[in-house]
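Chemist: Please read through the structure below; I'll follow up with questions.
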Amino acid sequence: GESVGLHLPTLSVQEGDNSIINCAYSNSASDYFIWYKQESGKGPQFIIDIRSNMDKRQGQRVTVLLNKTVKHLSLQIAATQPGDSAVYFCAEMSTGGFKTIFGAGTRLFVKA
Amino acid sequence: DTAVSQTPKYLVTQMGNDKSIKCEQNLGHDTMYWYKQDSKKFLKIMFSYNNKELIINETVPNRFSPKSPDKAHLNLHINSLELGDSAVYFCASSQDHFGYTFGSGTRLTVV
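Chains as they are written, first to last, in this note's numbering: chain A, 1 to 112; chain B, 1001 to 1111.
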């Protein structure tokens, strides 16, 4: 069946280092991908998205990379800060479809 | 102003009771959703409404009934609550299904 999964459920990084969170997806028809950040006690928050006609997109301190050949998505966070500690979800959608499928989430710990 | 607001934030109730969770969005979005997040943080879609019309109805017990009186509101009513219904329920909205805005969640505990 369709699935969006993550390689690492927990990631611990030192403050100031770069973080990389990985995600694998299995639906070849998916053409829109999103990363969400969920802090404790809050709802998921949109971080960055990318369409399948791109392989890289940059935001403020974040970069999303898409490799359609191997169905892999990654989120890179530069100069990770304590405020980046959260659970990160990748999500996928097929344009024309109506639902977004979420991956299982990766918990990011930032050590001061 | 909160973009997507849901109430209550916490709900503790006994098995067999009926309860409702309300959601309102002031973003002018055309689509609203209910997601359930289990204890392992897994997010699963339950329902989606587009301009008051039901467009997604996942395999959810019919004890769960969504209602959308207008495109800014999507409420969730749950009958005969069971222990397994304990979870965090998130409302979300989007325009054209891209990039959701989530509410802060309702933590439902059934005892």
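Cβ atoms here follow ideal geometry from the backbone N, Cα and C, with glycine treated the same way.
Which value, in whole angstroms, describes the spacing of the CA atoms of K88 of chain A and K1009 of chain B?
Modeler: Note on identity: in this sequence residue 88 of chain A is Tyr, with Lys being the wrong assignment. When rounded, the distance between both Cα atoms is 22 Å.
Chemist: Compute the beta-carbon to beta-carbon distance between L65 of chain A and D55 of chain A, rounded to the nearest angstrom, for a pair I have assumed lies under 8 Å.
Modeler: 7 Å
Chemist: With DSSP run on the structure shown, which of helix, strand or coil describes L1083 of chain B?
Modeler: Here L1083 of chain B carries a helix assignment [DSSP, helix/strand/coil].
Chemist: Below 8 Å on the Cβ atoms is my contact criterion, and I expect N1050 of chain B with T1031 of chain B to pass it. Report the Cβ-Cβ distance as a whole number of Å.
Modeler: 5 Å
Chemist: Shortest alpha-carbon distance to T1002 of chain B belongs to which of B:Y1089, B:G1103, B:T1109, B:V1110?
Modeler: B:G1103
Chemist: Grouping DSSP H, G and I as helix and E and B as strand, with all else coil, what is P1069 of chain B?
Modeler: DSSP places P1069 of chain B in strand when its eight states are reduced to three.
Chemist: Using 8 Å as the cut-off, can you tell me whether the segment 18-34 of chain A makes contact with the segment 73-81 of chain A, which would need three or more C-beta pairs spanning the two stretches below that distance?
Modeler: yes
Chemist: For N67 of chain A and I1055 of chain B, I'd like the C-alpha separation in whole angstroms.
Modeler: 31 Å
Chemist: Measuring only between beta-carbons, confirm whether F1042 of chain B sits less than 8 Å from chain A.
Modeler: Yes, its Cβ sits closer than 8 Å to a Cβ of chain A.
Chemist: Give the secondary structure of D84 of chain A by DSSP, where H, G and I count as helix, E and B as strand, and everything else as coil.
Modeler: helix
Chemist: Under three-state DSSP, which class holds E2 of chain A?
Modeler: Here the model assigns E2 of chain A a pLDDT of 41, short of 50, so the residue's position is not dependable, and the following value carries that caveat. DSSP places E2 of chain A in coil when its eight states are reduced to three.
Chemist: Below 8 Å on the Cβ atoms is my contact criterion, and I expect D31 of chain A with T95 of chain A to pass it. Report the Cβ-Cβ distance as a whole number of Å.
Modeler: 5 Å
Chemist: Relative to the ligand GTP, is the shortest distance from any of its heavy atoms to the C-beta of S85 of chain A smaller than 7 Å?
Modeler: Among the ligands in the structure shown, none appear at all, so the ligand GTP cannot be discussed.
Chemist: Quick one: which unbroken beta strand (DSSP E) runs of 3-plus residues sit fully inside the segment 17-55 of chain A? Chain order, please.
Modeler: 19-25, 32-38, 45-51
Chemist: Starting from the Cα of C1091 of chain B, find the closest Cα among B:V1060, B:Q1037, B:G1016 and give me that residue.
Modeler: Of the residues B:V1060, B:Q1037, B:G1016, the one whose Cα lies closest to the Cα of C1091 of chain B is B:Q1037.
Chemist: Less than 8 Å between C-beta atoms, sequence neighbours within five positions excluded: which residues of the same chain meet that for K111 of chain A?
Modeler: S12, V13, Q14, E15
Chemist: My assumption, with CB atoms under 8 Å, is that Y1100 of chain B sits in contact with F46 of chain A. Please give the rounded CB distance.
Modeler: 7 Å
Chemist: Could you tell me whether the Cβ atoms of V1012 of chain B and V1111 of chain B are closer together than 8 Å?
Modeler: yes
Chemist: Comparing alpha-carbon positions, which option in B:S1020, B:Q1014, B:E1024, B:D1018 lies nearest D1070 of chain B?
Modeler: B:E1024
Chemist: When the Cα of N1075 of chain B is compared with those of B:K1040, B:K1041, B:K1019, which residue comes out closest?
Modeler: B:K1019
Chemist: I'd like to check one pair, F1064 of chain B with I1078 of chain B: are the Cβ atoms closer than 8 Å?
Modeler: yes
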